[in-house]
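Take a look at the structure set out below.
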Amino acid sequence: MLDDFLIRATLAGIGVALAAAPLGCFVVWRRMAYFGDATSHAAILGIALALALNLSIFAGALVIALIMAITVSTLSDRGFAMDTLLGVMAHSALAIGLVAVSFLQGVRLDLMAYLFGDILAVGKTDIAVIWGGAVLVVALMVYRWGALLTATLSPGLAYSSGIEPKREQLFLTVCLAVVVAVAIKVVGVLLIVALLIIPPAAARPLARTPEGMALWAAVIGVLSAVLGLRMSYIYDTPAGPSIVCVAAGLFVAGLILGRFTVPKAS
Amino acid sequence: MILAQTKNLSVQMGGHIALRNVDFSINSGEIVTIVGPNGSGKSTLLRVLIGAIRPASGTVTVSSNLRIGYVPQKIGIDPTLPITVRRFLSLPTRRKEGDIQKALGRVQATELENKQMFALSGGQFQRVLLARALLEQPELLILDEPTTGLDQPGSAALYRLIEEIRTDLGTAVLMVSHELHVVMSASDRVVCLNGHVCCHGTPDNVASAPEYRALFGSGTQGALALYRHDHDHTHEHDDHEGCTHA
Numbered sequence: 045m046l047d048d049f050l051i052r053a054t055l056a057g058i059g060v061a062l063a064a065a066p067l068g069c070f071v072v073w074r075r076m077a078y079f080g081d082a083t084s085h086a087a088i089l090g091i092a093l094a095l096a097l098n099l100s101i102f103a104g105a106l107v108i109a110l111i112m113a114i115t116v117s118t119l120s121d122r123g124f125a126m127d128t129l130l131g132v133m134a135h136s137a138l139a140i141g142l143v144a145v146s147f148l149q150g151v152r153l154d155l156m157a158y159l160f161g162d163i164l165a166v167g168k169t170d171i172a173v174i175w176g177g178a179v180l181v182v183a184l185m186v187y188r189w190g191a192l193l194t195a196t197l198s199p200g201l202a203y204s205s206g207i208e209p210k211r212e213q214l215f216l217t218v219c220l221a222v223v224v225a226v227a228i229k230v231v232g233v234l235l236i237v238a239l240l241i242i243p244p245a246a247a248r249p250l251a252r253t254p255e256g257m258a259l260w261a262a263v264i265g266v267l268s269a270v271l272g273l274r275m276s277y278i279y280d281t282p283a284g285p286s287i288v289c290v291a292a293g294l295f296v297a298g299l300i301l302g303r304f305t306v307p308k309a310s
Numbered sequence: 031m032i033l034a035q036t037k038n039l040s041v042q043m044g045g046h047i048a049l050r051n052v053d054f055s056i057n058s059g060e061i062v063t064i065v066g067p068n069g070s071g072k073s074t075l076l077r078v079l080i081g082a083i084r085p086a087s088g089t090v091t092v093s094s095n096l097r098i099g100y101v102p103q104k105i106g107i108d109p110t111l112p113i114t115v116r117r118f119l120s121l122p123t124r125r126k127e128g129d130i131q132k133a134l135g136r137v138q139a140t141e142l143e144n145k146q147m148f149a150l151s152g153g154q155f156q157r158v159l160l161a162r163a164l165l166e167q168p169e170l171l172i173l174d175e176p177t178t179g180l181d182q183p184g185s186a187a188l189y190r191l192i193e194e195i196r197t198d199l200g201t202a203v204l205m206v207s208h209e210l211h212v213v214m215s216a217s218d219r220v221v222c223l224n225g226h227v228c229c230h231g232t233p234d235n236v237a238s239a240p241e242y243r244a245l246f247g248s249g250t251q252g253a254l255a256l257y258r259h260d261h262d263h264t265h266e267h268d269d270h271e272g273c274t275h276a
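Order-wise, the sequence lines are chains A and B.
Per the working numbering, the very first residue in the first sequence carries number 45; after that it's consecutive.
Per the working numbering, the very first residue in the second sequence carries number 31; after that it's consecutive.
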């Protein structure tokens with residue numbers, strides 16, 4: 045069954061969507077979208093380094109994403125003007141990565157595959173890596189869910205319940221780096237944040253509790269992956285952008301549906 | 031029994047000294063109120079007690095396994111985060127439905143159980159925060175300006191509720207407040223803070239202390255006169271430390 049490239053692609057897409065859903069909710073609630081951009085754009089530099097040093101792409105992307113995420117997270121505690129700083133870091137990381145890639149003489153490199161994903165070239169090892177990462181992230185999120193939520197609502201409440209908000213922030217940071225690393229093949233570095241943010245945003249009008257929002261986000265993410273790949277196959281469109289297009293369509297549908305089904309303030 | 035105390039506590043926040051040599055303590059069953067101008071370190075002291083801020087020097091002693099119920103200053107819940115009152119009360123520890131009902135009943139907010147947190151009015155929100163703190167079955171209730179954003183009847187009702195809780199449950203209460211007259215009449219002890227402890231004692235003592243008058247001027251005396259006769263003289267001591275924030 046895994047010999048069919050479309051099935052492999054679908055499995056990869058579902059894996060990433062499942063991990064991105066709960067994490068993406070926190071990215072939305074904590075307004076970390078730019079943080080996600082900085083982390084994912086830095087991954088391209090990781091890819092360049094991995095190719096130069098002949099390491100696995102996944103490891104290279106993971107390490108650099110982790111370094112970037114921790115740097116940004118540390119700086120944010122120091123009271124920098126975050127949106128400017130993150131903008132500087134996100135785009136510099138991308139630019140430096142692209143320049144670094146251009147130095148790699150003799151490596152046959154399809155840059156587009158890393159920028160927008162190459163889900164149809166996902167191999168069996170990739171699936172193992174993606175699902176390994178996804179299971180790890182989902183397990184961490186489930187394990188820390190209550191603490192993460194409390195720290196997100198109010199650091200003061202977290203402290204008074206014996207939760208260290210900075211440690212929870214670190215959990216999210218690590219999860220983000222892992223999701224970025226496993227999602228590169230599926231949607232590419234430029235669209236990872238879309239996969240993190242659009243499904244939770246689409247789920248918001250349908251949900252009354254944080255858990256409900258995460259579950260709906262997972263459903264919407266998986267639907268986007270499956271339908272996007274179908275669309276890509278039928279119309280011969282690039283896979284990553286197709287998945288994001290479907291997610292955007294579901295976002296609009298969620299908005300319209302939410303208006304009729306969920307009363308706003310009760 | 032002393033529940034929590036600080037000795038010679040100093041705290042630095044972003045390069046400046048927020049608290050200097052603060053000696054403070056609260057006993058079980060007591061209502062202690064901290065008053066002081068903006069930026070005087072009132073919230074900082076509370077946050078040191080819940081462990082959110084580490085002191086630069088001095089000691090903080092909180093009796094072991096002390097159950098603290100903390101009511102922060104109004105927290106902003108992002109509208110992108112859907113959460114019902116019931117779910118909020120179960121954070122981070124799952125609570126039994128019966129306990130949730132009871133806590134909401136105590137703060138007269140049973141009808142709010144299925145409402146979204148971001149849709150609550152200021153007064154409702156504070157009641158829910160209070161209910162959440164009560165679910166910890168606290169021996170010490172810490173409230174940071176619990177009446178911010180409430181109108182006068184609203185805050186009066188909230189203070190009555192806090193006093194009721196103390197009477198019924200024997201919980202010690204430590205709060206920060208701006209509403210001097212209401213608060214001082216309801217407190218066993220008042221600590222007047224301005225980076226350091228300016229003066230402390232019973233509400234009467236503090237209200238007539240020259241340091242307190244130096245801080246709050248004569249404007250508040252009209253309010254204080256609501257429950258206490260005015261002193262017709264002010265103290266002008268040159269020898270006391272003064273209450274300007276260093």
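Note that the Cβ used here is the ideal one computed from N, Cα and C, for glycine as well.
Through-space distance from residue j to residue i, alpha-carbon basis
i       : j       : result
T91(B)  : D234(B) : 28 Å
L96(B)  : I287(A) : 52 Å
L119(B) : L197(A) : 12 Å
T194(A) : G80(A)  : 21 Å
S73(B)  : L138(A) : 42 Å
R125(B) : Y277(A) : 49 Å
P102(B) : M112(A) : 32 Å
W260(A) : A53(A)  : 22 Å
T118(A) : L214(A) : 10 Å
I195(B) : T201(B) : 7 Å
A86(B)  : L97(A)  : 46 Å
W73(A)  : L111(B) : 6 Å
A309(A) : A216(B) : In this predicted model, A309(A) has a pLDDT of only 44, less than 50, meaning its place in the structure is not dependable; the value taken from the coordinates is given anyway. Whole-angstrom Cα-Cα distance: 35 Å.
L201(A) : G99(B)  : 9 Å
I56(B)  : Q167(B) : 18 Å
L240(A) : G68(A)  : 4 Å
K145(B) : H208(B) : 30 Å
S40(B)  : P67(B)  : 18 Å
CB-CB length for residue i against residue j, believed under 8 Å
i       : j       : result
A225(A) : A87(A)  : 7 Å
G161(A) : V231(A) : 4 Å
A64(A)  : A227(A) : 7 Å
G131(A) : Y203(A) : Contact doesn't hold; Cβ gap of about 31 Å is too wide.
I171(A) : A56(A)  : 6 Å
C113(B) : V203(B) : The residue you asked about is not Cys; residue 113(B) is Ile in the sequence shown. With 8 Å as the limit, I113(B) and V203(B) do not qualify as a contact, their Cβ atoms being about 27 Å apart.
L171(B) : S93(B)  : Not really, about 15 Å apart at Cβ, beyond 8 Å.
Below-8 Å beta-carbon distance, residue i vs any chain B residue
i       : result
Y203(A) : yes
T118(A) : no
A251(A) : yes
V72(A)  : yes
I207(A) : yes
L193(A) : yes
L197(A) : yes
G190(A) : yes
M76(A)  : no
P66(A)  : no
M257(A) : yes
R274(A) : no
R248(A) : yes
P254(A) : yes
G176(A) : no
Beta-carbon proximity list for residue i, same chain, < 7 Å, skipping 5 on both sides
i       : result
C228(B) : C222, E241, Y242, L245 and C273
A103(A) : A94
L345(A) : It is not possible to answer for residue 345(A), since the shown part of chain A is limited to 45 through 310.
Min CB distance residue i to chain A below 8 Å
i       : result
L121(B) : yes
A86(B)  : no
R117(B) : yes
A48(B)  : no
K114(B) : Residue identity check: residue 114(B) is Thr in the sequence provided, not Lys. Chain A, which has a Cβ nearer than 8 Å to the Cβ of T114(B), makes this yes.
T110(B) : yes
P102(B) : yes
G152(B) : no
G81(B)  : yes
I32(B)  : no
I130(B) : no
R125(B) : no
6 Å Cβ shell around residue i - same chain, five flanking residues per side excluded
i       : result
A191(A) : I207 and E212
A239(B) : C229
Cβ neighbours of residue i in the same chain (closer than 8 Å, five flanking residues each side left out)
i       : result
L62(A)  : A178, V182, A262, G265 and V266
G225(B) : I47, A48, L49, R50, S70, G71, H275 and A276
Let me know the beta strand (DSSP E) ranges lying completely inside the stretch 153-207 of chain A, each 3 residues or longer, listed in chain order. none
Alpha helix (DSSP H) segments (min. 4 residues) lying fully within the stretch 88-152 of chain B: 115-119 and 127-136
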